[in-house]
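The structure appears below as structure tokens.
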Amino acid sequence: MTKADFSTHPLNFDIDQSNRVATGFLGTVRVIEERGRLFQRRAVKLDLSGGSTTTDTVLIAELDGVKVYVHGADIVITRHELKL
Amino acid sequence: MVATVLIHEKNGAGETDTDKTSGTIRYRSNDSAATDASNPIDIPGAGEQMSYEKWLRLSVTVAPDNNITNVEAYTDGANGMGTGVAAYYRVVGSYATPAEPADNDGLTDLFSATSGSPIDLEVTNTGPFTGTGDIADYLVTTLGVSSTATQGNTGSETLTFAYDES
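From first to last, the protein sequence lines are chains W and X. Letter by letter, the first sequence follows residues 4 to 87 in the working numbering. Letter by letter, the second sequence follows residues 979 to 1144 in the working numbering.
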């Protein structure tokens, strides 16, 4: 198993086929309105000098241009694009 | 299903894949995915000695539930590789055997790519990506070593590949 397998990442969520319900270790995130969606931003950080690779992921709920970033217990609401 | 996305280094005329997701990328003076100390980059007396290119591309081995979009790459914006060592990139849609560039013409400073201004890896090969196999464009990186560099390994640096999955 590689380190980029996010299925076991502690911050990973399982998103249902509707893209509006996400379930993770911390609980469930729901987007009620049909025009909203949920997705996950993934990052694989390669150490170019030979160190270990790290990964990070954040759940993003988007509705009418407003994004809610769920990164563990850290939750941010913004219209900006945030990167890992 | 959660997608599994690997970072492949591509080598040779046959585009041989080597999974570097949890591995090391070693810039060399030959086209090889090896990580030993052979074929180091010589410090030139003057000018800039380029390494062979490293061709990197994302490869999906387990497909996402829906799709993968927004494929990007970026650094922290600060060159920590040491005095006299530069890193460059270009984005390419089709494979060619890695080569040693004569100079840095046509290349961009890798550390100009930050999370606020990332490298777009969907210039030619665009998403959404739904299945398995290689996705998005190739990120071709090269080191440039100047006479002011010191012998030994470079300092630590991180290259981030990022994408959205649903």
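Heads up, the beta-carbon is just placed ideally off N, CA and C, and yes, glycines get one too.
Below-8 Å beta-carbon distance, X:K988 vs any chain W residue: Chain W, which has no Cβ nearer than 8 Å to the Cβ of X:K988, makes this no.
Alpha-carbon spacing of X:D1112 relative to X:L1036, whole angstroms: Each residue's Cα considered, the two are about 6 Å apart.
For a quick check, are the C-beta atoms of X:A981 and X:P1022 less than 8 Å apart? When the beta-carbon positions are compared, X:A981 and X:P1022 stay at least 8 Å from each other.
Check the Cβ of X:D1081 against every Cβ in chain W and list those closer than 8 Å, keeping chain order. Residues of chain W whose Cβ lies closer than 8 Å to the Cβ of X:D1081 do not exist; the shortest such Cβ separation is about 21 Å.
If contacts are defined as beta-carbon pairs under 8 Å, then X:N1044 and X:Y1030 qualify, I think. What distance do you get, rounded to the angstrom? About 37 Å separates the two Cβ atoms, so there is no contact after all.
Within this structure, are the beta carbons of W:Q43 and W:T58 separated by less than 8 Å? Contact: no.
Taking the beta strand (DSSP E) that W:H74 falls in, what are its first and last residues? Bounds of the beta strand (DSSP E) holding W:H74 are 69 to 74.
Measuring alpha carbon to alpha carbon, tell me which of X:T1002, X:N1082, X:D1054, X:T1108 ends up nearest X:S1124. The shortest C-alpha separation from X:S1124 is found at X:N1082.
Alpha carbon of W:V73 to alpha carbon of W:E37, nearest angstrom: C-alpha separation (whole angstroms): 20 Å.
Whole-angstrom Cβ separation of X:A1051 and X:L1085, contact assumed at under 8 Å? Actually they are not in contact, since the Cβ atoms of X:A1051 and X:L1085 sit about 15 Å apart, beyond 8 Å.
Enclosing beta strand (DSSP E) for W:A46 [first to last residue]: Boundaries of the beta strand (DSSP E) around W:A46: 40 to 50.
Where X:E985 and X:P1018 are concerned, what is the direct C-alpha to C-alpha distance, given to the nearest angstrom? Inspection of the sequence shows that residue 985 of chain X is occupied by Ile rather than by Glu. X:I985 and X:P1018 have their C-alpha atoms spaced approximately 23 Å apart.
From X:S1072, X:N1103, X:A1114, X:Y1067, pick the residue whose C-alpha is nearest to that of X:T1092; which is it? Looking at the Cα atoms, X:Y1067 is the closest of the given residues.
Heavy atom of the ligand SAM less than 7 Å from the Cβ of W:L49, yes or no? The ligand SAM is absent from the structure shown, which contains no ligands of any kind.
Cα-Cα separation between X:P1106 and W:G68, rounded to whole angstroms: Linking X:P1106 to W:G68 through their CA atoms gives a straight-line distance of about 20 Å.
Check X:T1132 in the structure and name its three-state DSSP category. Looking at X:T1132 - three-state DSSP - the assignment turns out to be coil, as it is neither helix nor strand.
Tell me which residues share the same chain as W:H83 and place their Cβ nearer than 6 Å to its Cβ, disregarding the 5 neighbours each side in the sequence. None.
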